[in-house]
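The structure appears right after this line, and notes come after that.
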Amino acid sequence: MGDSSYNYKMFKCFNRKFKASEGGPPPDVKAIFSKFARDGDLMSVDQFRSFLVEHQGEPADAVTLSDAHRILQEFSRRHPGEAAHHHQQVRGLTLEDFFNFLFLEEPMKKQIHHDMTAPISHYFIYTGHNSYLTGNQLSSDCSDVPIIKALEKGVKVIELDLWPNSAKDDVQVLHGRTLTTPVTLVKCLKSIKEHAFVKSPYPVVITFEDHLTPKLQARVAEMVIQTFGDTLYYPEAEDQMVEFPSPESLKNRIIISTKPPKEGSGSKDSSEEDEKSGSDGEPAIDKANAAEAKSFQQSAPEYKRLITIHAGKPSGELKDALAVGDKVRRLSLSEQKLEKAAEDHGTDVLRWFTSKNILRVYPKGTRFTSGNYKPHVGWMHGAQMVAFNMQGNDKYNWLMHGMFRANGGCGYVKKPDFLMHKGPNDEVFDPKKTLTVKKTLKMKVYMGTGWHLDFSRTHFDSFSPPDFYTKVYIVGVPADCGKQKTKIIEDEWIPVWDEEFTFPLTIPELAVLRIEVREYDRSEKDDFGGQNCLPVSELKPGIRAVPLYDKKGEKFKSVKLLMRFQFV
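All residue numbers for the sequence shown refer to the numbering used here, where the first residue is 19 and numbers rise by one.
Quick look at the structure:
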């Protein structure tokens, strides 16, 4: 690897030349190579295996000598020009080869490794809010495109708001009482069917916010059955469930969650829609439909039969709504109501409810621009469905995407035991209490590379190479939250920081590491250089290459940070 240089025009009259280094191995990498190569020039296959097990934390029984040989052969195929001779790759690694290999080391476990046989109430579930909206909550188009994008990212709960069309003879999806343009329900259902399991085979839940007459509810039942066929799961018995089925038992199945229609009622409670749209609570269906409701009562039971997860919202005392009964159900609370419930009724009420039932949290109605809230508000209280506006590009969306990279990105993350059971002294987990430190995360930010390949020469600065720095955050329970940053490396496309940071963690199970690279600008807001969010519980120890993503969550082709993770 050699050096290159860049010319930047200064003041329209002369050029300034900057030498760009290719960023050789940091001192730690050289020391590790020397240690495992026993001060030789080549790390043998056996020594390479020792490095993978002893330094990178790979299980000894999972990496045999033949596995190490296979990994090196694969590396030589992907990087045939990295060594002088192809046969040298099979015998081992030079320092340069070893350094390049480290940029292929994934920072996280890739496999689905959680127990998937517990009831679905035992999992955090990747959940969308108003999944059909392309933009803001008031005037954007409704479409199946954001639904498809969400499913491709691994989202497993899709929300659809169902309203009659103007002729009241068909069902459309839109954000009620706003200027959003509708999309037909059948189009949304077909797209869900085609893309439900592209990321993982675990079940997709469709939540209906239903503002329909019984006649149209019967029409929905027909559409759902015709579209999904045997893929649709619903209980054989008409009675409400006493325990939810597991994700494993519902592989490649689609399930419906909504509030069951009442006898003689034309629509479900619309309190969430009222809150979302800022309405004063005017009924979604006018009184003229009362007669129709009576006429079509025979159709409603078929619609009701298709509901696997019975839903509801608090009507009256919140503590009563959170009471645990014999039958399991889903309760929806806005982000403010959840915080009020935790404050007024204590964590034990929420914890007891979410140990068996499903709690869904959704954004407050004033988030008109489709912004989001801190997802840990829901997670640390055991809420399984923390519903997010997936079309947003805010840092909370990055955290949501990061959390659900866990467990192979399958959309289901097993809740920690302390959110499901009481402690040895019958205590209930309280996220606001500071507990003893369980483990300490030590991380080192060595260097970054790839911006010179993915960005134009003048993207960050018209007159000189970029001035990068990295910020690292821990986001979790209040006691664990913290942030630190590296120094600024000026005029360098391949910055080398070589800085170490330490974060003590009391609840590492809920901690997410947020990484963001910025480019320092003396006169304006610092430019964005990439981000990634990683669940701490899934981090693999050792030296790892952390890929960076843009604000929309799309991975850059080449931009990576070389980092080291240690737990002490």
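Don't be surprised by glycine CBs; every beta carbon is placed ideally from N, CA and C.
Local Cβ density within 10 Å of residue i, reported as buried at 16 or more and exposed below that
| i | result |
| --- | --- |
| A359 | buried |
| D485 | buried |
| D362 | exposed |
| S52 | exposed |
| R95 | exposed |
| N550 | buried |
| S541 | exposed |
| R369 | buried |
| P553 | buried |
| N45 | Looking at the sequence shown, residue 45 is not Asn but Pro. The residue is exposed, with fewer than 16 neighbouring Cβ atoms inside 10 Å. |
| F546 | exposed |
| K4 | Past the edges of the chain, shown from 19 to 586, lies residue 4, and the structure says nothing about it. |
| L9 | One cannot answer for residue 9 here, as it falls past the ends of the chain, which runs 19 to 586. |
Beta carbon of residue i nearer than 7 Å to that of residue j
| i | j | result |
| --- | --- | --- |
| M126 | E556 | yes |
| Q354 | S388 | no |
| F478 | E537 | yes |
| L349 | V379 | no |
| G429 | K174 | yes |
| P449 | M403 | no |
| K208 | F246 | no |
| S218 | E177 | no |
| P483 | E510 | yes |
| V63 | A78 | no |
| K569 | N411 | yes |
| F226 | T276 | yes |
| G11 | H97 | Residue 11 lies beyond the residue range present for the chain, which begins at 19 and ends at 586; the question has no answer from this structure. |
| L268 | P221 | yes |
| V431 | F93 | no |
| K489 | K505 | no |
Expected contact under 8 Å - CB spacing of residue i and residue j to nearest Å
| i | j | result |
| --- | --- | --- |
| D498 | I525 | 6 Å |
| V216 | E170 | 6 Å |
| G500 | I492 | 5 Å |
| W515 | V463 | 5 Å |
| L250 | V238 | 12 Å between Cβ atoms; not a contact. |
| D162 | V201 | 6 Å |
| I274 | I224 | 6 Å |
| K588 | L523 | Outside the modelled stretch of the chain, which goes from 19 to 586, sits residue 588, for which no answer is possible. |
| L580 | L122 | The Cβ separation is near 11 Å, so there is no contact. |
Contacting residues, own chain, Cβ-Cβ under 6 Å from residue i (five flanking each side not counted)
| i | result |
| --- | --- |
| G571 | H419 |
| F262 | P137, I138, S139, V346 |
| E76 | L70 |
| E518 | K462 |
| V367 | L340 |
| A401 | L377, V379 |
Euclidean distance between Cα positions of residue i and residue j
| i | j | result |
| --- | --- | --- |
| A302 | G396 | Any reading at A302 is ruled out, since the residue's pLDDT is 41, under 50, leaving its predicted position unreliable. |
| K445 | K451 | According to the sequence provided, residue 445 is Glu. The question's Lys does not apply to it. Straight-line Cα distance between these residues: approximately 12 Å. |
| P381 | D257 | 31 Å |
| E124 | F583 | 12 Å |
| A563 | F481 | 30 Å |
| L340 | I376 | 11 Å |
| Q129 | P232 | 44 Å |
| G20 | E508 | At G20 the pLDDT is 45, less than 50, meaning the model places this residue with poor confidence and gives no usable figure here. |
| K331 | Y144 | 20 Å |
| F574 | P164 | 21 Å |
| T326 | T82 | 46 Å |
| P265 | H439 | 20 Å |
| L437 | A236 | 39 Å |
| A80 | R67 | 11 Å |
| P43 | R88 | 24 Å |
| F117 | A168 | 36 Å |
| K337 | V47 | 57 Å |
| G383 | T198 | 15 Å |
| N390 | D115 | 43 Å |
| L566 | L417 | 14 Å |
| K286 | L192 | Residue placement at K286 cannot be trusted, given a pLDDT of 45 that sits under 50; the coordinates are not used to answer. |
| V260 | P496 | 35 Å |
| T467 | T372 | 44 Å |
| F521 | N407 | 30 Å |
| G334 | P182 | 29 Å |
| K205 | K374 | 34 Å |
Proximal residues to residue i (C-beta, below 8 Å), its chain only, five neighbours per side dropped
| i | result |
| --- | --- |
| T196 | Q155, L156, S157, S295 |
| G426 | K127, K128, Q129, I130, H131, S218 |
| L60 | Q106, R109, G110, L111, T112 |
| R423 | M126, C551, L552, P553, E556 |
| G441 | F447 |
| G172 | Y144, K217, S218, F422, G427, C428, G429 |
Residues near residue i by beta carbon distance below 7 Å, same chain, minus five either side
| i | result |
| --- | --- |
| Y321 | Q235, A236, V238, A239, P279 |
Within-7 Å CB hit, residue i to chain D
| i | result |
| --- | --- |
| D187 | The chain inventory of the structure shown lacks chain D, comprising one protein chain alone. |
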